[in-house]
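Below is one structure, written out as structure tokens, with a few remarks after it.
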Amino acid sequence: NAGVTQTPKFQVLKTGQSMTLQCAQDMNHEYMSWYRQDPGMGLRLIHYSVGAGITDQGEVPNGYNVSRSTTEDFPLRLLSAAPSQTSVYFCASSWTGQFTEAFFGQGTRLTVV
Amino acid sequence: EDQVTQSPEALRLQEGESSSLNCSYTVSGLRGLFWYRQDPGKGPEFLFTLYSAGEEKEKERLKATLTKKESFLHITAPKPEDSATYLCAVLADSSYKLIFGSGTRLLVRP
Chain V
19 NAGVTQTPKF QVLKTGQSMT LQCAQDMNHE YMSWYRQDPG MGLRLIHYSV GAGITDQGEV
79 PNGYNVSRST TEDFPLRLLS AAPSQTSVYF CASSWTGQFT EAFFGQGTRL TVV
Chain A
7 EDQVTQSPEA LRLQEGESSS LNCSYTVSGL RGLFWYRQDP GKGPEFLFTL YSAGEEKEKE
67 RLKATLTKKE SFLHITAPKP EDSATYLCAV LADSSYKLIF GSGTRLLVRP
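Sequence lines, in order, name chains V and A.
The numbering used here puts the last residue of the first sequence at 131; the count rises by one with no breaks.
The numbering used here puts the last residue of the second sequence at 116; the count rises by one with no breaks.
This is the structure in structure tokens:
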């Protein structure tokens, strides 16, 4: 009964470093997405995917890359970390045929120093 | 541009004191409106989906309603365990971009 699993839970990066946030789901959902959550700003969509091999940009895609080689996994890559990317990152998945609800992971708290 | 505004930003209630949270939205065509609950340090947890004006959904002390411009989350006789941030999100027609409001932080005091 794993649902959506994100790793790591916490990460500290130095400015300019790169890293990948992992997201995996075991519900065979076609749709997966990444959000960042900053105080007072709610959740903002970074990138999303409607199926393996298909990705698209959300509201705040700059500085992030994604790929979707399998249905289960949707990693988020930070190319060159900046302090402005300090945030809590959430991955979510859902069905696309009838978009009823999105299941969220527990989040990754990232600090860029 | 699709937009979601939630009010108030924060709400303090006494246990048993009923109230409503508001979610106003602007979207070209509504495919769905979603309510989530988020506890500190956790990911959002799904509560309701509403698809058309006039629709209502209930779960325990919560009731969500929808008009053409806004949605309300009514909380009847709240308990301290209802304390959380409540998030509203919309999905426009022909879109897969779920757009969230900034949330309402609810504190229910015993």
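Glycine included, every Cβ here is placed at the ideal spot set by N, Cα and C.
Asked	Found
Proximal residues of chain V, C-beta to C-beta of A/G107 below 8 Å	G60
Contacts of A/F52 in chain V (Cβ-Cβ under 8 Å)	E119, A120 and F121
The beta strand (DSSP E) enclosing V/Y49, as first and last residue numbers	Y49 to D56
Nearest-angstrom beta carbon gap, V/P101 and V/T33 [assumed within contact, 8 Å]	6 Å
Proximity to A/K74 [Cα-Cα], best of A/E23, A/G22, A/S25 and A/V33	A/V33
Start and end residues, beta strand (DSSP E) containing V/Q35	Here V/Q35 belongs to no beta strand (DSSP E), and DSSP marks it neither H nor E.
V/D44 in three-state terms, based on DSSP	coil
Chain-ordered neighbours of V/Q124 on chain A, where CB pairs are closer than 7 Å	K48 and G49
Of the listed residues A/S26, A/Q9 and A/V10, nearest to A/L17 (C-alpha basis)	A/S26
Status (buried if at least 16 other CB within 10 Å, exposed otherwise) for V/L31	buried
Cβ neighbour criterion (16 or more within 10 Å) applied to A/I81	buried
C-alpha distance - A/T55 paired with V/T38, whole-angstrom precision	32 Å
Rounded separation between A/P86 and V/S87 - CA only	44 Å
Span separating the alpha-carbon of A/G22 from that of V/P93	44 Å
Alpha helix (DSSP H) segments (min. 4 residues) lying fully within the stretch 76 to 114 of chain A	none
Under 7 Å by beta carbon: chain A residues contacting V/Y49	Y102
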